[in-house]
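The structure under discussion appears below in the form of structure tokens.
Residue numbers (this note's numbering): 17 to 254.
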């Protein structure tokens with residue numbers, strides 16, 4: 017990790033590809049939106065689409081991703097309700113370069129841009145929330161650029177597992193966490209920008225060292241501090 021960044025959890029979770037933002041007054045927002053339901057794997061925003069209304073994800077989870085020239089998917093981030101999604105598309109008015117899909121059943125409210133500004137005029141916290149979302153997305157993107165350009169594959173996978181454990185895991189001991197956020201080897205590869213076989217080899221290495229234990233439903237982090245060593249100590253990640 018560059019620029020002498022602190023390895024504290026607060027910093028790391030700002031770079032997590034699983035974005036959660038606390039929005040206290042959702043009822044005010046959905047009151048003025050057009051409700052739509054999306055089923056799992058349904059496209060919410062297609063690549064090339066121009067978005068005219070701002071989506072507010074009230075229930076569910078979405079994923080934004082793109083594809084390389086060779087057809088490999090690159091997951092950019094997941095976003096959990098409640099949260100605004102696609103705000104950049106609405107503000108710049110240009111076609112989307114990525115797709116946004118539902119990873120589970122989603123309830124989304126679409127707000128006209130003028131309605132958003134009217135709400136923000138009397139409730140400035142709404143704009144603060146959007147600014148916070150944008151700031152975190154920039155942090156996530158710069159971290160992903162660093163991973164793709166600088167960091168070794170083991171570093172990337174270790175950091176992702178650590179963040180998932182701290183953000184979504186259930187602590188079951190001093191160094192032990194259970195992560196129920198279901199990601200296949202391909203799903204981890206899509207986030208980390210790696211080949212699936214590379215991810216499988218890294219996970220098998222972690223298993224053989226007794227750092228993690230995995231099955232179809234969950235990953236158990238047995239030694240969270242040893243996992244941390246893989247992306248805080250460059251000599252371990254080659």
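Glycine included, each C-beta is placed from N, C-alpha and C at the ideal position.
Just to confirm the assignment, what range does the beta strand (DSSP E) spanning residue i have?
i: residue 202; result: Looking at the DSSP string, residue 202 is not in any beta strand (DSSP E); the run it does join, the alpha helix (DSSP H), is 201–208.
i: residue 91; result: 89–96
i: residue 79; result: 77–83
i: residue 193; result: 193–195
i: residue 125; result: 122–128
i: residue 227; result: First-last for residue 227: undefined, no H or E at that position.
i: residue 52; result: 50–54
So for residue i, helix, strand or coil by DSSP?
i: residue 60; result: strand
i: residue 215; result: helix
i: residue 66; result: coil
i: residue 133; result: helix
i: residue 117; result: strand
i: residue 45; result: helix
i: residue 38; result: coil
i: residue 18; result: Annotation note: pLDDT 42 at residue 18 (below 50); position unreliable, coordinate value reported separately. Residue 18 falls in the coil class under three-state DSSP.
i: residue 30; result: helix
Do you know whose CA, among the options, lies nearest residue i's CA?
i: residue 128; options: 223, 36, 46; result: 46
i: residue 231; options: 205, 197, 172, 246; result: 197
i: residue 48; options: 97, 74, 161; result: 74
i: residue 132; options: 51, 188, 72; result: 72
i: residue 215; options: 175, 240, 82; result: 175
i: residue 106; options: 248, 161, 40, 126; result: 126
i: residue 95; options: 189, 84, 152, 135; result: 152
i: residue 100; options: 226, 84, 79, 89; result: 79
i: residue 228; options: 173, 211, 212; result: 173
i: residue 212; options: 85, 89, 40; result: 89
i: residue 59; options: 82, 44, 43; result: 82
i: residue 139; options: 40, 248, 30, 35; result: 40
i: residue 42; options: 108, 130, 55, 135; result: 135
What are the boundary residues of the alpha helix (DSSP H) that residue i is part of?
i: residue 148; result: 141–165
i: residue 239; result: Unbroken run through residue 239: none, as it is neither H nor E.
i: residue 182; result: 169–184
i: residue 106; result: 103–108
Since I believe residue j is in contact with residue i (beta carbons under 8 Å), could you give me their beta-carbon distance rounded to a whole number of angstroms?
i: residue 120; j: residue 77; result: 5 Å
i: residue 272; j: residue 193; result: It is not possible to answer for residue 272, since the shown part of the chain is limited to 17 through 254.
i: residue 163; j: residue 240; result: Contact flag wrong, Cβ pair sits at about 20 Å.
i: residue 84; j: residue 33; result: Residue 84 to residue 33, Cβ: 17 Å. No contact.
Is any heavy atom in the ligand FAD found nearer than 7 Å to the beta carbon of residue i?
i: residue 129; result: This structure lacks the ligand FAD; in fact it carries no ligand of any kind.
### Query
Does the segment 59–68 come close enough to the segment 148–159 to have 3 or more Cβ pairs within less than 8 Å?
Inter-segment contact for the segment 59–68 and the segment 148–159 is absent: fewer than three beta-carbon pairs are separated by less than 8 Å.
### Query
So does the segment 110–118 actually touch the segment 218–237, counting three or more Cβ pairs closer than 8 Å?
Contact between the segment 110–118 and the segment 218–237 is absent, because fewer than three Cβ pairs lie under 8 Å.
### Query
Are three or more beta carbon pairs between the segment 200–207 and the segment 240–247 nearer than 8 Å?
No: the two stretches stay apart, fewer than three of their Cβ pairs being nearer than 8 Å.
### Query
For the 8 Å Cβ check, are there 3 or more pairs between the segment 180–187 and the segment 161–170?
Because the criterion of three Cβ pairs below 8 Å is not met, the segment 180–187 and the segment 161–170 do not touch.
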